[in-house]
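Residue numbers (our numbering): 5 to 117.
Working notes, beginning with the structure itself.
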């Protein structure tokens, strides 16, 4: 059974070209398409200087999206709320396991960046 609070999109911002950056069902999305399932602090990002050159106010990255501290706070809260709404059904457990195996495979091949 789906949880309406968990599934409701949370607006993070609207880009300069009018696209919506939202958290939808545990993913940061650009125009409804998933970009990332977690945020990366800019301090830990490999392209920190390039990101700061383009977006001096950025503090976090969500995939290819630079976020300010306020935007990252909204996104992180929405991601945490989606994660807290734990679904223990057999299908959900299977899906989480599938995602973990896929992520581990990507990391092992160096394709997670």
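No residue lacks a Cβ here, since even glycine has one placed at the ideal position from N, Cα and C.
- [ ] Tell me the start and end of each unbroken beta strand (DSSP E) in the region 29–117 that is at least 3 residues and wholly inside, in chain order.
- [x] 31–34, 37–40, 64–66 and 69–71
Open item on the list: Can you give me the C-alpha to C-alpha distance between residue 45 and residue 60, rounded to a whole angstrom?
Closed with: Counted from its first residue, the chain shown places residue 45 at position 41. Counted from its first residue, the chain shown places residue 60 at position 56. Each residue's Cα considered, the two are about 14 Å apart.
Task: N-terminal and C-terminal residue of the beta strand (DSSP E) that residue 17 is part of - done: Counting from 1 along the chain shown, the entry for residue 17 is found at position 13. 14–18 is the span of the beta strand (DSSP E), which, as asked, contains residue 17.
TODO: Take residue 29 as the anchor and find which of 23, 41 and 18 has the nearest alpha-carbon.
DONE: Here residue 29 refers to the residue found at position 25 when the chain shown is read from its first residue. Considering only alpha carbons, the answer is 41.
- [ ] Could you tell me if residue 75 is buried or exposed, where buried requires 16 or more neighbouring beta carbons within 10 angstroms of its beta carbon?
- [x] Looking up residue 75 in the chain shown gives position 71. Looking at its Cβ environment, which holds 16 or more other Cβ atoms inside 10 Å, residue 75 is buried.
Open item on the list: Contact between the region 18–35 and the region 67–85 is defined here as three or more beta-carbon pairs at a separation below 8 Å; is this criterion met?
Closed with: yes
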